Structure formats: C-alpha cells, structure tokens
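Undergrad:
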Amino acid sequence: MTSAPAILPERGIADRLTAIFWRHPRLLLFVLLTPPLLWLGVVYLGSLLALLLQSFYSIDDFSGVVKEEFTLKTYAELFRAQNLDIILRTLLMSAAVTIGCAIIAFPIAYFAARFARGRWKAVFYLGVMLPLWSSYLVKVYAWKLILAKEGIITWAAEGVGLSMILNAILAIPGIGGNSLSTSPMGTFIVFVYVWLPYMILPMQASLERVPNSMLEASADLGASKAQTFRTVILPLAMPGMIAGSIFTFSLTMGDYIIPQIVGTSARFIGLAVYQLQGTAGNIPLAAAFAVVPIIIMLIYLTIAKRKGAFDAL
Amino acid sequence: MTLKTLKLSATTALGLIVGVTPALAQMTEVGAGEGELSIVAWAGYVERGETDPKFDWVTKFEESSGCKVSVKTANTSDEMVALMNEGGFDLVTASGDASLRLIAGGRVQEINKDLIPSWSTIDPRLQDAPWHTVDGKHYGVPYMWGPNVLMYNTEVFKEPPTSWNVVFEEQNLPDGQSNKGRVQAYDGPIHVADAAQYLMFHKPELGITSPYELNEDQYKAALDLLRGQREIVSRYWHDAFIQIDDFKNEGVVASGSWPFQVNLLKAGGAPVASTIPQEGATGWADTTMLHVDSEHPNCAYMWFEHQLASNLQSDLSVWFGANPSVPAACTDGRGMQTAEGCTANGLDDFDRIRFWTTPVADCSQGEDTCVPYYRWVSDYIGVIGGR
C-alpha cells in the first residue's frame, strides 16, 4: 500500500518562488517595497536635493551660464525689494484664497454632510468634483473671457444697472484694476474657483464625523444654536478645514498659470520660478525661490499637525 | 580638475580614439544629412503650411534634404538663451539681445560662410552685423528683421498715432477717453530700451545715444518713465495670442507689438493697424545660430542655404510682416513678397530702427559705465510689481 507524500513535488517556477518567499518572508517585503522606495528616494527626494543644490550656485550675469560654485549670493538676492514683494504678494494671495475658500466651502460642506441624503448626496459629490474633470487651462481661459472688460460680467452688470458697484469694486486701490481680468481681484476669484473642491471635500469629511449625540447634548444643556455652532461644530470641523487649507494654500503658492493669464502681470512665486528657470535661465535664483514655499509649507504643516489636521485625512 | 575640464578632456580623448574631430572649430564641408533638425524659433517663424496652407517653407526642405524639422517655439529672448543652454537643439533664431549672450556663453559655433553658397546675396548691412559677428568671426546666418511697431485700434485712432507717448504717458485718446488701462507693454526687460528710445527723442538733455547703452542717470530716467507706464498698463504681454485676445476682449487699443499680431488680427477682421511713430522704433534682427554640440550640423548647413535661397525669405516676410535678409526676395518673385510689401514692412526704415542688442557694462560710454542686462531683468520685474 502506497500513501501520497505529505509534501507535494514542485510543479514549476511559481511553486519555487512561493517556497522562496515562504522561507524568507523579508524578501517579499523587500521586493514589494523597493519600487516605491526608489521612486520616493531617487525621483522625489533626489530631484528635491538637486533643486536645493542648484540654489547654492549662481549665474554669470552676462552669458547666463550657471557657475557651479558654492555661494549664498543667490539667497541674498531673494531679499531684494522686488523679490520680497513677490514673496509677500504670494503669501497674501495664498492666505486670502484660503480664507475665501473656507468661507464659501463651509456652508456647502455643512449641507452636504448633515442634510443631503441619498441621491442628493451623490449630486453634491458630483457637483463638487465635476470641475476637476475638465482641463485646468480651459477653465482659466474661460475665466479670462468671463472677467474681461467686454466679458459677460461687465455686460450683465450693465444690463441690471450694477455697473456702479462693479466700478466701485474695481476702483479700490490694491485689489482693483481696469477690469476684473486685469486686477488682483480677478486672480483671487479664479484661484478660489479652481481650488474650492480641495477645501470642500476634507471639510465635508470632518463634518460628517461630528456625532449627533454631541449636538443633542449641547442642546440638552441649553446651548443656543449659535453657541453649539461656535463651541461644538466649529472646533470639531477645524481639522478638516486645516487639511483643506493645506491644499488651497500650497496650490496657490505654487501656481504659475493663473497669474500669467488673469491679473496685473505682477509676479507670484510660481510665475517667478517659471520665468527665472524657463525664460531667464537663472536656475539658481529659481531654485532659491522654490525653496521659499517649501519652508513656508513646512512651518504651516507643523502648525497643522499640532491642530490635529492629519487625523481627519 | 573640475568636472567641466574632465568632461572636455574625456570628449577630446574619445574624439581622438574614434577619429572624429570634435566640433570645436567650424565645419569644413557639408556631408549627407543626418535626417533630423530641431530649431528653437519665434512663433510663426518656421511654418509648414499647418496654420495656413499658403505659407510653407519646411515641406520642400524636408523632401530635398531628408532632414525632418522639429520646432520648439520660444516667447522671449531669455527663453531662447535658456533653451540653448539646456542643449538638445541644433538651431536657434536668436535676436540681437540673445545672440551675443549665446556667443559669450560658448553655446553656438562659428559658421563657415564658404559652405553657404547664397551668403553673398545677404543684405550687405547685415552680413557683418555686430550682433552675430565677434572679432571678425561669424556665428550665424541672418534670418529676418523687422520693427517693433505700434499697433492701434483704427476705431479709436482715425489717424495713426504719431508718437509712442500714447503708451507711455497718461492722456486722453482721440475718442475722448483716457488711455489708462487701454494700452499694453512688452513683458520683457528689453522694453526698457523702448523707454530709453522715447527719452532719446523727448529728453535730449539726457544725452542717450543708444537705447541699449544707458548710464545710471539715463537708466533711472527710463525706469521712471516705465513706472509711470505701469499706472496705465493693466496687463503686460508676452504671449502673442494673449495680446490678440486682449485687443479683442479687453478693450486694449494701443500697444507695442509685432507685425505678426497685427496681421493675424487684421485677418480676423479686427479694426487694427500699425505704424512706426516719429521716435523711430526698436526692432529685431534675427540670426540663425548653430549649437556648439549640434548633432545634425549637415542638416543645419543645408537649412542655412535653404533659408537664404528658397521661398522662405519672401513668404516669411509676408507671413510675419518682417523684412527679408536677402533683399532680392522682395522683388525676384521666388515667393509672394513684392517691393511694395517690403516697403510696407519697413524695409526703407532700416536706419530708423535700433536693433535689439544685449546691454553690457562696458559700452561706448566707457568701461563699466553702462547698466548691464541682469539689472534690466531684476529691475523690470520690480517695475511690473509696482516698485
């Protein structure tokens, strides 16, 4: 009487591989982790380091050729008045866009999270996501036309007799201009439009996690609606808001297309980097400029982490 | 031993081993084409009939030479220099404010004009032009030249404006409204020269002799003028197509521009025209230059000959509203251009045009007395930023 062996013979390469991985569990881990780690290490961190390195070079003022010698001259250039202007302008715009997005996004996210049910919920998700599916450039060029002096907003304002208000807004120094499309106001509007979904989605996620029982408890203890909102909902929604603000803030800070098409031609960091590396060939200064948002974002992320923004992601 | 010398010696050694002469000196003969040619060019400069079937000066070249042409469009001279510094291209149609920088940076190689049979047909005023000739050596073949014209809306200006002041100083235009927010200026540091040229005419006491050679006082005056201009310019232009859109939808009625935009707007039925006002104009004179590490030099030399001898000079001058570097192209019927057309494009205004050149510190006013280009770059960013 013969009995079948307890261990079956190998049936080919697949079996042999399985055996190797079974005997050496760490090998499988290594094989699976190598590609993403290579990506992170070489492509991502490597290019970041190359950028950092470039920022310590300088360029020959006439020929525009990069001198590969260590110097801090390029960083000193960042502190020239016009470059500080660029940094400050970008920071102000990023902050304004973030606040603008937060104010507009909150009611939308609140309704979507707490009142929309069933099909309406899907409609809300779709409505928020829909703009993300069309080309960014098309949206920005469309906005250039909408905001143009001979565009639909001016036309509509004239039609309903609101030109006075539009002109009054455009006359405000600092944010106004000749038309919406050539004013900082216009740049702001387009930025808010383009980045709004990135604020709504994390905010909605955090609002959905506010437990009803807390609101009921708050009401039981005699808090008015405003008090509940101020002391319960808002603090609990804060992490989502901060998570969203990371998107809107960093995206605004790095964008170089919108200020090129809509606005006063005044440079933002992204645009300055784009022009310095692409058109002026001043890669060291472009790299130094690119380091600025990295530092600002690191500070920002540290604060956000303390506030618990990453618990909501 | 630095990395660069290491690279150089390695390349030289390799060249010796393989028996190839490295392209350190100029070419001595044109061999068979390498099958490819990449050109960095201004928008509309290298047309193969795709924008308009009538304008094609690439297809025939590709058929006869076997060199497939690819084009990288650049919007500003700085962009051209940057692209050539990056490498990977064969030719560049560099303006005078880029060409000297390319030569100084060692990015382009000397041209052997004996290998270009039609060299002698080039306008004698351009053959040894200082923007491509250094120490008697030629670094390029003249391509096209033309003025930076003043484009204006014919519904606002019944008569062509006679002065550039419509884009420099706040005033009421012939339609009774202010020019504030209705004019544009070029978004490149070389625009400082336009301001300087304006001052040359209106403030002779400054003693400006060339808009590209400005001492500190003259430079400051030019910047002050530009700061005033910032008040009336709502957006600067650098992309030809955005400027076209702004003339259509943004109510812009006057701006320095290229004949290219004027022609496209006219073709689209927009009420625009262009003029060279009394102060004269700055202009560009472009030169095709060959990258020092070009991998397709034979194709490039074939292009040099093609650029001078074919329909290119004539048809491109019609298309771009520019002037051929070969004057015969205006009249000999090799393309669509006519003598009248060349006159309209400013062929006779050669002496009124001050061609783009890179500002350097050592100028005719003395050594280290002029403001060099890198300051133009950073200061102009400041001016546009409202500083």
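Line by line, the protein sequences give chains A and B.
According to the working numbering, the residues represented by the first sequence are 1 to 313, in order.
According to the working numbering, the residues represented by the second sequence are 314 to 700, in order.
Glycine included, every Cβ here is placed at the ideal spot set by N, Cα and C.
None of these values were measured; they are calculated from a predicted model.
(1) Residue 151(A) CB to nearest chain D CB: under 8 angstroms?
(2) If you check the beta carbons only, do residue 701(B) and residue 529(B) fall under 8 angstroms apart?
(3) What are the boundary residues of the alpha helix (DSSP H) that includes residue 382(B)?
(4) Please report the straight-line C-alpha distance between residue 532(B) and residue 520(B), rounded to a whole angstrom.
(5) Any C-beta of chain A within less than 7 angstroms: which residues of the region 497-530 of chain B qualify?
(6) Across which residues does DSSP place residue 59(A) in a beta bridge pair?
(7) If you reduce the DSSP assignment to three classes, tell me which class residue 13(A) lands in.
(8) What in chain A is Cβ-close to residue 468(B), meaning under 9 angstroms?
(9) Closest Cβ-Cβ distance between residue 82(A) and chain B: below 8 angstroms?
(10) So, is residue 136(A) buried or exposed, given that buried needs 16 or more other C-beta atoms within 10 angstroms?
(11) Rank 535(B), 563(B) and 503(B) by C-alpha distance to the C-alpha of residue 595(B) and give the top, closest one.
(12) I'd like to confirm the pairing. Which residues does DSSP put opposite residue 603(B) in its beta bridges?
(13) Here's the rule I'm using: 16 or more other beta-carbon atoms within 10 Å means buried, otherwise exposed. How should residue 155(A) be labelled?
(14) Residue range of the alpha helix (DSSP H) that residue 245(A) falls in?
(15) Would you kindly check if the distance between the Cβ of residue 370(B) and the Cβ of residue 611(B) is under 8 angstroms?
(16) Out of 282(A), 261(A), 259(A) and 254(A), state which residue places its alpha-carbon closest to the alpha-carbon of residue 295(A).
(17) For the beta strand (DSSP E) that residue 352(B) lies in, which residues bound it at each end?
(18) Compute the Euclidean distance between the alpha carbons of residue 475(B) and residue 127(A), then round it to the nearest angstrom.
(19) Three-state secondary structure (DSSP) at residue 336(B)?
(20) Rounded to a whole number of angstroms, what is the C-alpha to C-alpha distance between residue 687(B) and residue 392(B)?
(21) Check for me: the beta strand (DSSP E) holding residue 583(B) runs from which residue to which?
(22) Whose Cβ in chain B lies nearer than 9 angstroms to the Cβ of residue 145(A)?
(23) Got a sec? Which residues, its chain only, sit under 8 angstroms from residue 183(A) by beta carbon, not counting five neighbours each side?
(24) Considering only DSSP beta bridges, list what residue 567(B) is partnered with.
(25) Could you give the distance in angstroms between the alpha-carbon of residue 106(A) and the alpha-carbon of residue 693(B)?
(26) Give the interface partners of residue 698(B) over in chain A, defined as CB-CB distance under 8 angstroms, in chain order.
(27) Given 8 angstroms as the limit, is there contact between the region 662-671 of chain B and the region 638-647 of chain B, that is, 3 or more CB pairs closer than that?
(28) Name the two residues that bound the continuous beta strand (DSSP E) containing residue 262(A).
TA: Concretely, from the data shown:
(1) Structure shown: chain D not included; protein chains present are A and B.
(2) Missing from the structure shown is residue 701(B); chain B here goes from 314 to 700 and no further.
(3) That residue, residue 382(B), is in no alpha helix (DSSP H); its beta strand (DSSP E) goes 381-387.
(4) Distance between the alpha carbons of residue 532(B) and residue 520(B): 11 angstroms.
(5) Those residues of the region 497-530 of chain B that come within reach of chain A (Cβ to Cβ, closer than 7 angstroms) are 500.
(6) 66(A)
(7) helix
(8) The contacting residues do not exist; residue 468(B) stays about 13 angstroms from chain A at best.
(9) yes
(10) exposed
(11) 503(B)
(12) 404(B)
(13) exposed
(14) 234-254
(15) no
(16) 254(A)
(17) 349-355
(18) 54 angstroms
(19) Residue placement at residue 336(B) cannot be trusted, given a pLDDT of 44 that sits under 50; the coordinates are not used to answer.
(20) 14 angstroms
(21) Element bounds for residue 583(B): n/a, residue is neither H nor E.
(22) Neighbours of residue 145(A) on chain B, chain order: 558 and 562.
(23) 170, 175, 176, 177, 263 and 264
(24) 465(B) and 496(B)
(25) 41 angstroms
(26) 82, 85, 86, 89, 266 and 267
(27) Verdict: no, contact absent.
(28) Unbroken run through residue 262(A): none, as it is neither H nor E.
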